[in-house]
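K.L.:
The structure is given below, and queries will be raised subsequently.
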Amino acid sequence: MYICCIHRITIFHISYPRSMEGRGLRAGFTADAPRLLHMSEPLRRTAFNRLFAVVYFSAILALLYRHVQNLFLHPTTSFLSFSITLFLFISNLVLAFMWASAQAFRMSPIRRKEFPQNLKQIIKDEDFVGLDVFICTADPYKEPPMNVVNTALSLMAYDYPTEKISIYVSDDGGSVLTLFAFMEAAKFARHWLPFCRQHNIMERSPHVYFESISHHPSIPQFEKIEIMYEDMKMKVEQVIDKGAVIEEYISDDQQHQAFNKWTKSFSRMDHPTVIQVILDKSKDTDISGQLMPNLIYVSREKSKTSPHHFKAGALNVLLRVSAVMTNAPIILTQDCDMYSNDPQTPLRILCYFSDPALKSNLAFVQFPQRFHGLNRDDIYATEYKRLFKINSMGFDGLNGPNYVGSGCFFRRRALFGGPSTPVPPEIPELGPDHVVRKPIISHEILSLAHRVAGCNYENQTGWGSQSGFRYGSLVEDFYTGYRLQCEGWKSLFCNPERAAFLGDVPITLFDVLSQCKRWCIGLFEVAFSKYNTLIFGSQSMGVLMSLAYSHYALWPIWCIPVTFYSFLPQLALLNQVSLFPKITEPWFFLYVFLLLGAYGQDFLDFVLDGGTVRKWWNAQRMWMIRGLSCYLFSSIEYLLKSVGISTHGFSLTSKVVDDEQSKRYGQGIFEFGVPSPLFMPLTVAAIINLFSFLLVLTQFFSGKNTEGLCLQMILTGSIVLNCLPVYGAIGLRNDAGKMPTQITIISTFVSVALYYASSLSL
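Note that the numbering used here has the sequence shown beginning at -10, numbered continuously upward.
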């Protein structure tokens, strides 16, 4: 609810004479016609968050004082007891840092609202700025071309002048199958785009639209357009199954010429540049006679002797190729499986980019990543509500949210140096102010586009370090957004009620953890670079933004407290050793307050943002699971890499859906199945916690004194509850998603070994 009070809400009225139009983000506003385009308000719980932060911080200081007392003022004579106390102290220091850094998000969160319906009242269609859309894909078998095609079609069908849109598809797999899919999509688009406009369809991904219609509506041409889509889908899937383009599907010489570029020497990692203009807005029209958007396929040159910098390298090639061919002032970067769910999204971002108070240093507008197909309780917490939404509102109250890789509209100028320190490209044709005057299919344009897509073009240039998307981390999105904000740029978080984009989520635990492990390694690469978030970040952006970015950059260190608290108190419990205060001691209530305070505030944030109790519980469970798997393994891999032992490579998260896995995911059943080392620490922790809890419970009911073990019992019991899916996967399931037998056997032996080792030590 937006309350129009001057001290609480920032509103934007704009009225420009036509004489102020200029190159770049120009806007044809009519004089004396002010319109409300956007406004913002702080969240009401901000004052409470600040007060609670002071109280909770005081409690943390008291806890750390107790640890210092036990370690140095009243040290134990046993080296083992001293070591356990030290490990718990280190764990609490990490927890304290992660809590403190998270408070940056709670200091001044804001909520925004746009009024795109007012934009067309003050800007004529011919004055809308150009929009270049970047879609990246890399493997036609892990990222099915039909998914990518549906994403592209949904973006081509924006409620935006089609002649202003250019879609660039980066195929890092260099697959002729992907090119064929887009050639077929271009034919279908000639019918699909006018169909969407005529009937004002909101779901402009054809797959989503036809899936959402349970019966044939009384829309003219519905059946015809559906048959056309199914025919296109059948052709593409047959080509994918065959692994080659079927001759009978090649309809003209232009396609023959394009497919002939795939020679016998052409391979995924070693091939020349391929740039194919599939649709040209200067001449291609749909069935209604309206111009089509540009659709351009790009597969950059690859060589086994040249670094390609993964997705960041692909984006920089698109940045240069698009500069040569269209050079639109606004760029949208989009994951291949994140389709448009709101055709008015470009109008929303123009509500901000047109604001003269913002345009001087506004680098990008970020939409939250939201997903379709989540099961009811989101068992893997892949909605990432805090990452993509709650914390983004906190970021927005500071200097703006971080870049999350998809659903982000950039000002092209922001990728070429800071607001006051531009970095000119090596050739003027790549500059953000360059005006393209030649057709995109002209020899000069295509020749230069091929040149800037070459694998050696970036040698001895500032690409990836001073301009473009930044190299040096597997999480190029996080790193690029961070570096831009260090240069003085700001960003905005746009979170409309209707999701702007919807994407797919991994439906197996292994895929979820593997994806997270890759992110964590990349985050460590940022945290320990010369641009580290604590020192360099605080000097460039201030303390709060530095803490906010550090909270993510040091994400993997969650493994320290999670691992120690999953094993040490439980092994001590098995040996009747108390590590925490008794119920009768005053320190007991400090622990209870810290526990309830942290979880209570997190629960409040989650539920107030529309989450459910069960989704929140699953998010806590997945925090523990990640701490014992991807956080732990990514920390080890990064450490090994730091001493010169390379153990990881970039791997895509598969977007292919297995029917049985999908069925189990829909039922809320955890999918293990893969005999991965990632599951080993989790399974060991599950076994040790279960036996510790059962042992102390038996002693409690038999009348033995367990007063000093109360906190350990609560901790162990909560971990046992979180591990219920693990126990079911070990002993109660026979499907393909159960815990692999070798993981269970090895984990059992390790658990027994840890028990005997602790018994001898304690």
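Note that the Cβ used here is the ideal one computed from N, Cα and C, for glycine as well.
1) Is the region 370 to 380 touching the region 587 to 597 in the sense that three or more CB pairs, one from each, lie closer than 8 Å?
2) In angstroms with no decimal places, state the Cα-to-Cα distance between H260 and F384.
3) Drop a sphere of 10 angstroms on the beta-carbon of A438, count the other beta-carbons inside from all chains shown, and report buried for 16 or more, exposed for fewer.
4) Report whether the distance from the Cβ of Q650 to the nearest heavy atom of the ligand NAD is below 7 Å.
5) Measuring straight from C-alpha to C-alpha, what distance separates D706 and L686?
6) Spatial neighbours of F592 within its chain, please: CB distance less than 6 Å, with the 5 preceding and 5 following residues excluded, ordered by chain position.
7) Buried or exposed for I214, going by 16 or more other Cβ atoms inside 10 Å?
8) For C548, which residues from the same chain have a beta carbon less than 6 Å from its beta carbon, with the 5 sequence-adjacent residues on both sides left out?
9) State yes or no: is the C-beta of I285 within less than 8 Å of the C-beta of I156?
10) Look at the Cβ atom of S194, then the Cβ atom of L120, and state whether they are nearer than 8 Å.
11) Going by beta-carbon coordinates alone, are V441 and V287 separated by less than 8 Å?
12) Express the C-alpha separation of T601 and K374 in angstroms, rounding to a whole number.
13) Counting only runs that start and end within the region 108 to 169, where is the beta strand (DSSP E) found for 3 or more residues in a row?
14) Can you list the alpha helix (DSSP H) stretches of 4 or more residues lying completely in the region 379 to 467, in chain order?
15) Would you call the region 124 to 135 in contact with the region 509 to 524, where contact means no fewer than 3 C-beta pairs closer than 8 Å?
16) From this set, S292, S271, M223, which residue's C-alpha is nearest R257's C-alpha?
17) From which residue to which residue does the alpha helix (DSSP H) around P575 run?
18) Are three or more beta carbon pairs between the region 387 to 394 and the region 534 to 554 nearer than 8 Å?
19) Can you list, in chain order, the residues of its chain whose CB lies under 7 Å from that of L553, leaving out five sequence neighbours each side?
20) What's the call for A608, buried or exposed, on a 16-neighbour Cβ count within 10 Å?
21) Beta-carbon within less than 8 Å of I735's beta-carbon, same chain only, minus the 5 sequence neighbours each way: which residues are those?
22) Would you report the Cα separation of R24 and D344, rounded to the nearest angstrom?
23) Do the region 471 to 490 and the region 90 to 110 meet, that is, are 3 or more Cβ pairs less than 8 Å apart?
24) In terms of alpha-carbon separation, which member of E290, S67, F211 lies closest to G163?
25) To the nearest angstrom, report how far apart S295 and C444 are at their CA atoms.
26) Can you tell me whether L25 is helix, strand or coil according to DSSP?
27) Alpha carbon to alpha carbon, what distance is there between D161 and C125?
28) Would you mind giving the Cβ-Cβ distance between L404 and S456, rounded to the nearest angstrom? I have them listed as a contact below 8 Å.
29) Please state whether the Cβ-Cβ distance between F680 and S480 is less than 8 Å.
30) What first and last residue would you give for the beta strand (DSSP E) that runs through T322?
31) Under 8 Å, do I676 and T730 count as touching if we go by C-beta distance?
32) In the DSSP assignment, the alpha helix (DSSP H) including R100 goes from what residue to what residue?
33) Pick out the complete alpha helix (DSSP H) segments inside the region 176 to 249, 4 residues or longer, and give them in chain order.
34) Using the Cα positions of L62 and P570, report the straight-line distance between them to the nearest angstrom.
35) DSSP three-state label for E626, please.
36) Going by DSSP, which residues form a beta bridge with D259?
P.N.:
Quick look at the numbers:
1) yes
2) 42 Å
3) buried
4) Ligands in the displayed structure: none, and consequently the ligand NAD is not present.
5) Looking at the sequence provided, one finds Gly at residue 706 rather than Asp. Answer to the nearest angstrom: the Cα atoms are 10 Å apart.
6) W605
7) buried
8) G616, Y620, L621, S624
9) yes
10) no
11) no
12) 11 Å
13) 120 to 126, 154 to 160
14) 380 to 385, 432 to 441
15) no
16) S292
17) 575 to 597
18) yes
19) Here residue 553 is Phe; the residue named in the question, Leu, does not match the sequence. F76, L77, S80, listed in sequence order.
20) buried
21) M669
22) 12 Å
23) yes
24) E290
25) 7 Å
26) strand
27) 7 Å
28) 6 Å
29) no
30) 319 to 324
31) no
32) Premise fails: R100 lies in the beta strand (DSSP E), 99 to 103, not in any alpha helix (DSSP H).
33) 195 to 201, 211 to 231, 242 to 248
34) 17 Å
35) helix
36) S256
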